[in-house]
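Visitor: Below you'll find the structure I mean.
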């Protein structure tokens with residue numbers, strides 16, 4: 102039996118530190134592992150050798166700074182992770198391994214008025230189909246990440262009131278999907294998952310403090326502080342869409358007037374262009390027209406950017422993030438929206454905070470949330486199972 106402070110318990114703790122560092126990054130050189138864990142190069146070398154012999158990690162030759170190095174990643178056979186993203190009009194599922202490699206991925210339309218049971222039926226069917234397609238044994242699945250576009254109580258898994266998936270309010274999609282698939286399910290809102298996806302795979306890499314802004318049917322922000330998603334005690338941190346811009350403005354779905362969302366979300370913005378472009382106009386089409394030079398679409402996108410920038414300036418003054426990543430279809434408009442965002446930040450944020458801030462488009466597009474769902478599992482799952490299957494808990498400390 103291990104005792105606190107014993108040599109074996111210290112060794113176990115070091116094993117878990119190395120596995121967690123690799124699990125979160127996807128792959129790291131041994132020098133990078135030493136820097137991120139604070140362990141000595143010799144200790145890391147011995148632990149990596151032990152993990153490799155046990156089948157937990159794969160080690161491949163690489164180069165770093167022009168020098169030969171060894172890249173360490175979790176074994177492709179160590180486990181499988183599933184990401185499920187429910188959006189306003191879509192269901193997106195991806196399957197990956199613990200080495201951050203996506204093995205299969207598929208999206209399909211989703212009726213926004215469908216009930217939770219119907220939506221979860223579709224998700225169960227799609228997950229099982231992709232497992233077969235990828236030739237994966239279901240026993241290898243270690244967890245499922247689930248994203249929903251609404252406020253979620255992370256502790257209970259219950260979805261709060263939402264105008265985007267009205268038939269889901271008060272349901273517990275986490276427990277329902279876990280019962281269907283027979284594996285642990287971790288749930289979060291879509292903005293937080295977008296932040297995780299960009300942090301691990303996209304434009305947020307290397308930033309310990311960032312905000313991911315998603316503008317779609319609603320407006321939300323995923324906040325990363327010191328490398329971790331900040332949710333707040335009630336799970337509602339990041340509701341940037343309900344910052345008040347105009348107390349006499351349009352009535353928002355939350356009951357207040359003039360929220361940021363009423364000046365930026367698709368259902369408020371697109372009607373401004375219906376007379377010129379018809380009622381079938383989508384955000385993606387508006388962005389395309391703007392990039393082609395349409396003056397009305399360019400003006401609307403610029404106005405949206407200035408309003409978003411006002412909200413970002415508030416985030417700068419409160420949290421002082423290093424980077425803001427813009428996600429969703431609007432990010433495809435590039436500088437047409439990023440320029441006005443930066444303009445508002447420069448005008449309304451504290452100068453020192455504004456100077457430190459980068460505003461960049463997301464790199465993952467519509468995949469950010471489903472990849473974030475995979476990252477959620479990688480973030481929340483423990484390391485004990487991986488180690489218990491390959492490394493004895495009473496293994497002697499390396500010399």
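Residue numbers (the working numbering): 102 to 500. Backbone N, C-alpha and C define an ideal beta-carbon position, used for all residues, glycine too.
Who pairs with residue 247 in a beta bridge, going by DSSP?
Guide: DSSP, once it has assigned bridges, lists 185, 288 as partnering residue 247.
Visitor: Taking its Cβ as the centre, do 16 or more other Cβ atoms sit within 10 Å of residue 419, making it buried, or is it exposed?
Guide: So residue 419 counts as exposed.
Visitor: State the Cα-Cα distance for the pair residue 411 and residue 309, rounded to the nearest angstrom.
Guide: So the alpha carbons of these two residues sit roughly 23 Å apart.
Visitor: Among 367, 130, 147, whose alpha-carbon lies nearest the alpha-carbon of residue 172?
Guide: If we check each option's Cα against that of residue 172, 130 comes out closest.
Visitor: With H, G and I counted as helix, E and B as strand and the rest as coil, what does DSSP make of residue 380?
Guide: Three-state DSSP puts residue 380 in coil, outside helix and strand.
Visitor: Quick one: what's got a C-beta closer than 7 Å to residue 345's C-beta in the same chain, skipping five residues either side?
Guide: Excluding sequence neighbours, residue 345 sits near 357, 359, 360.
Visitor: DSSP three-state label for residue 445, please.
Guide: Of the three classes helix, strand and coil, the one that applies to residue 445 here is helix, per DSSP.
Visitor: If I follow the unbroken beta strand (DSSP E) through residue 168, where does it start and stop?
Guide: Start and end: 168–175.
Visitor: Do you know how far the Cα of residue 123 is from the Cα of residue 102?
Guide: A caution first: residue 102 carries a pLDDT of 48, below 50, which makes its placement in the model too unreliable to give a value.
Visitor: Measure how close the beta-carbons of residue 478 and residue 287 come, nearest whole angstrom, since I'm counting them as under 8 Å.
Guide: Indeed they touch by this definition, with Cβ atoms about 6 Å apart.
Visitor: Looking at C-alpha atoms only, which residue of 315, 215, 144, 449 is the closest neighbour of residue 270?
Guide: Answer by Cα proximity: 215.
Visitor: Just checking my contact of residue 551 with residue 353 at CB under 8 Å: how many whole Å lie between their CB atoms?
Guide: Since the first and last residues shown for the chain are 102 and 500, residue 551 lies out of range.
Visitor: Excluding the five sequence neighbours on either side, which residues of its own chain have a C-beta within less than 8 Å of the C-beta of residue 149, listed in chain order?
Guide: The answer, listed in chain order, is 119, 131, 134, 158, 160, 171, 173.
Visitor: Let's test the definition: count the other Cβ atoms within 10 Å of the Cβ of residue 210 and tell me whether it reaches 16, buried, or not, exposed.
Guide: Exposed, by the Cβ-count rule.
Visitor: Run through DSSP, which three-state label would residue 360 get?
Guide: The answer is strand: DSSP assigns residue 360 an E or B state.
Visitor: Are the beta-carbon atoms belonging to residue 426 and residue 466 less than 7 Å from one another?
Guide: No; because the gap between Cβ atoms is not below 7 Å, this pair is not in contact.
Visitor: Looking at the strands, I want to know which residues DSSP matches up with residue 385.
Guide: Answer is none; residue 385 lacks a bridge partner.
Visitor: For the stretch 314–325 and the stretch 288–302, state whether three or more C-beta atom pairs, one from each stretch, are separated by less than 8 Å.
Guide: Segments in contact, yes.
Visitor: Is the beta carbon of residue 281 less than 7 Å from the beta carbon of residue 225?
Guide: For residue 281 and residue 225, yes; Cβs fall inside 7 Å.
Visitor: Closest to residue 176 by C-alpha separation, out of 343, 334, 127, would be which residue?
Guide: Considering only alpha carbons, the answer is 127.
Visitor: Assuming contact is defined by CB atoms lying nearer than 7 Å, are residue 442 and residue 431 in contact in what I supplied?
Guide: Their beta carbons are not under 7 Å apart, which means residue 442 does not touch residue 431 by this criterion.
Visitor: In this structure, what does DSSP give as the bridge partners for residue 323?
Guide: In the DSSP output, where bridge partners are listed per residue, residue 323 has 313.
Visitor: My guess is that residue 227 and residue 192 are in contact by the Cβ rule of under 8 Å, so how many angstroms apart are they, rounded?
Guide: 7 Å between Cβ atoms; contact.
Visitor: So what does residue 159 bridge to, in DSSP terms?
Guide: 174, per the DSSP bridge assignment.
Visitor: Would residue 275 pass as a contact of residue 298 if the rule is Cβ separation under 7 Å?
Guide: The answer is no: Cβ separation not under 7 Å.
Visitor: Between which two residues does the alpha helix (DSSP H) holding residue 432 run?
Guide: Here residue 432 belongs to no alpha helix (DSSP H), and DSSP marks it neither H nor E.
Visitor: Pull up the distance between the alpha-carbon of residue 455 and that of residue 435, whole angstroms please.
Guide: Cα-Cα distance, rounded: 19 Å.
Visitor: By the three-class DSSP mapping on this structure, what secondary structure does residue 256 have?
Guide: DSSP places residue 256 in coil when its eight states are reduced to three.
Visitor: Near residue 501, which residues of its chain fall below 6 Å by C-beta distance, leaving aside the five closest residues on each side in sequence?
Guide: In the structure displayed, the chain extends from 102 to 500; residue 501 sits before or after that span and is not available.
Visitor: Is residue 472 a contact residue of the ligand FAD, with contact defined as CB to any heavy atom under 6 Å?
Guide: No copy of the ligand FAD appears in this structure; indeed no ligand is present at all.
Visitor: Hey, is residue 210's beta-carbon within less than 7 Å of any beta-carbon in chain D?
Guide: The structure shown contains no chain D, having only a single protein chain.
Visitor: Whole angstroms is fine: what's the gap from residue 112's alpha carbon to residue 480's?
Guide: If you take the alpha carbons of residue 112 and residue 480, they lie about 22 Å apart.
Visitor: Taking 7 Å as the threshold (C-beta atoms), are residue 444 and residue 388 in contact?
Guide: No.
Visitor: Pull up the CB-CB distance for residue 336 and residue 452, whole angstroms please, since I reckon it's below 8 Å.
Guide: Wrong, their Cβ atoms sit about 33 Å apart, outside the cutoff.
Visitor: What would DSSP say about residue 332, mapped onto helix, strand or coil?
Guide: Coil.
Visitor: In the DSSP assignment, the beta strand (DSSP E) including residue 210 goes from what residue to what residue?
Guide: First-last of the beta strand (DSSP E) with residue 210: 203–210.
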